[in-house]
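Peer 1: Have a look at this one.
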Amino acid sequence: MPIHHTAPEGVVVVDPEPRWTLDPRVRHLNHGSFGAVPEAVQAEQDRLRRLVEWNPVRWFASQPERIAAARAEMAALLRVDPARLGFVLNASAGASVVYQSLLGRGPVDVLVTDHGYGAVTMGAQRLATRTGGHWTMAHIPLDATADDVVAIITAEFDRHRPSLLVIDQITSATARAFPVEELCRLARSRGVLSLVDGAHAPGVLADPVCREADYWVGNLHKFACSPRGAAVLVSRGDGQELFPLTDSWGAHLPYPERFDHNGTMDLTAWLVAPFAWRHLDQTLGWANIRTAARQLMDEACALVAAALDGLVDDPLPDVGQPVGPMRLVRLPGELGGSHDEADALRVPFSDAVGIAGAFTEFGGRGYFRLSAHAYNALPDYQYLATVGIPLLHQWSVDRNRGTSAS
Ligand SMILES: Cc1ncc(COP(=O)(O)O)c(C=O)c1O
22 MPIHHTAPEG VVVVDPEPRW TLDPRVRHLN HGSFGAVPEA VQAEQDRLRR LVEWNPVRWF
82 ASQPERIAAA RAEMAALLRV DPARLGFVLN ASAGASVVYQ SLLGRGPVDV LVTDHGYGAV
142 TMGAQRLATR TGGHWTMAHI PLDATADDVV AIITAEFDRH RPSLLVIDQI TSATARAFPV
202 EELCRLARSR GVLSLVDGAH APGVLADPVC READYWVGNL HKFACSPRGA AVLVSRGDGQ
262 ELFPLTDSWG AHLPYPERFD HNGTMDLTAW LVAPFAWRHL DQTLGWANIR TAARQLMDEA
322 CALVAAALDG LVDDPLPDVG QPVGPMRLVR LPGELGGSHD EADALRVPFS DAVGIAGAFT
382 EFGGRGYFRL SAHAYNALPD YQYLATVGIP LLHQWSVDRN RGTSAS
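This is how it looks when you write it as structure tokens:
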């Protein structure tokens, strides 16, 4: 179904499908990191920003009310109680809100995994250190099944008796899912608080919010295509221990109303987030987007595996619980064997071949993380297979020569 939106001139525009403003000279294969915002969504945010600049005083007087309305709408779209959901700037900020709520309550012993997102994991470790608690990092093999993961976390609970579990719903470095509902139930049965990092979940999963988690954070600016700076924090309890990172005059209000206030800040991304969600839904349909992305990834993986045949032992590693629109491909040789080395490939690779991709590392091995969204098509991955992979192979050969020469 087409979507109607209002262009800056006041003309009602009907989009049959989302239009993107991505550089057409680049193959955009990394929606997972920073998302992409359809033109109609950008236009809606521009419209609101013009309203801000029309009369800032009036705007800021009305902003909390507008945010409360967007929050209610977003909660309905995510099928959660609006009294449990607050907007935050990003998933990292949502995790920080939870960590701050645990300060001053005695030592916090934290259990994280080696698949966790660096910023969120470091925050958890700092929480443990600051409160005089300890932290443990559970090793979960890349190919662990859901049952394996439950067994590993159960053993870690027994061994370390943590007070907080921080677990990813969909991981960044390894593009896999974890059985978060079951893990959170297990945590609760042992008196362990759970924080689920669902940064990638909105848009990727049909029902993204993990309701078993004490706290769940999800980014709307990844697969859900909101403007950046839009994420949600969902609390299982009444959330009265949670406060925004920025103090404001709304700090005395109950949760989640106090999150509708954030000092002077451009929060138009929050207001546009429900529009973005509906735009994708009403043009293409979320279920169709997910199905198409999964099929595209299957075809893309076959192409890339063929290109890596003979260059890499196991080009498409088993990730235990794969997800639809993000896949993991092994890099040739020793390429990307540390986080910094993997990350450092991103810009030179893009400069050399015009492919925007994600390079990750896990367990000392480098990976290329593929993603697919509505703007991708098979030629993107054919190009990766025929142009990108040979270059990565060449870099791996050069690297080995450099290593053996030194
Ligand atoms: C699993 C995971 N958690 C958290 C984040 C952080 O997202 P943000 O920078 O929007 O807070 C990311 C970003 O890619 C991620 O992949």
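With the sequence shown counted from 1, adding 21 to any position gets you the numbering used here.
Glycine included, C-beta positions come from ideal geometry on N, C-alpha and C.
This structure is a prediction, so every number in the text was calculated from the model and none was measured.
#1: Pick out whichever of A328, A198 and G144 has its Cα sitting closest to the Cα of L132.
#2: Hey, is V171 close to ligand 1, as in C-beta under 7 Å from one of its heavy atoms?
#3: For Q190, which option in L349, A234, G212 and R348 has the closest C-alpha, if you only look at C-alpha atoms?
#4: Using only the heavy atoms of ligand 1, determine whether one of them is closer than 7 Å to the beta carbon of T304.
#5: Using DSSP bridges, identify the partner residues of P223.
#6: Excluding the 5 residues preceding and the 5 following S417 in the sequence, name in chain order all residues of the same chain whose CB lies nearer than 6 Å to its CB.
#7: If you measure from the CB of D218, is any heavy atom of ligand 1 nearer than 7 Å?
#8: Can you name the start and end residues of the beta strand (DSSP E) that R348 belongs to?
#9: Pairing CB atoms from the segment 195-203 with CB atoms from the segment 140-154, are three or more of them under 8 Å?
#10: With a threshold of 7 Å, establish whether the CB of S193 neighbours any heavy atom of ligand 1.
#11: Starting from A379, trace the beta strand (DSSP E) both ways and give me its first and last residue.
#12: What would DSSP say about Y396, mapped onto helix, strand or coil?
#13: Cα separation between R420 and M158?
#14: With three or more C-beta pairs closer than 8 Å as the rule, is the segment 401-409 touching the segment 47-54?
#15: Is the segment 74-90 touching the segment 244-255 in the sense that three or more CB pairs, one from each, lie closer than 8 Å?
#16: Indicate the three-state DSSP secondary structure (helix, strand or coil) for V255 in the structure shown.
#17: Leaving out five residues on either side along the sequence, give the residues of the same chain with a beta carbon under 7 Å from the beta carbon of V333.
#18: In angstroms with no decimal places, state the Cα-to-Cα distance between V33 and R257.
Peer 2: Let me lay it out:
#1: Relative to the Cα of L132, the nearest Cα in the group A328, A198 and G144 belongs to G144.
#2: Not under cutoff, so the answer is no.
#3: Just measuring C-alpha positions, the residue of L349, A234, G212 and R348 sitting nearest Q190 is A234.
#4: Checking the Cβ of T304 against ligand 1 gives no.
#5: According to DSSP, which records beta bridges pairwise, P223 is partnered with L226.
#6: Closer than 6 Å at the Cβ level, and outside the excluded window around S417, lie P353, G354 and L356.
#7: D218: yes, Cβ under 7 Å from ligand 1.
#8: Annotation: the continuous beta strand (DSSP E) that includes R348 extends over M347 to R351.
#9: As far as the Cβ criterion goes, the segment 195-203 does not touch the segment 140-154, which means the pair count is below three.
#10: A distance criterion of 7 Å places the beta-carbon of S193 in contact range of ligand 1, judged by its closest non-hydrogen atom.
#11: Looking at the DSSP string, the run of the beta strand (DSSP E) that includes A379 is A379 to F383.
#12: Looking at Y396 - three-state DSSP - the assignment turns out to be coil, as it is neither helix nor strand.
#13: Approximately 31 Å, taken between the alpha carbons.
#14: In this structure the segment 47-54 lies against the segment 401-409, because at least three pairs of beta carbons, one per stretch, are closer than 8 Å.
#15: With a cut-off of 8 Å, the segment 74-90 and the segment 244-255 do not count as touching, because too few Cβ pairs lie within range.
#16: Reduced to three states, the DSSP call for V255 is strand.
#17: Apart from the 5 residues on each side of it in sequence, V333 sits with its Cβ closer than 7 Å to the Cβ of R351 and P353 in its chain, given in chain order.
#18: Model confidence at V33 stands at a pLDDT of 48, short of 50, so the residue's coordinates are unreliable; what they give is reported in the following sentence. Between the C-alpha atoms of V33 and R257 there is a straight-line separation of about 40 Å.
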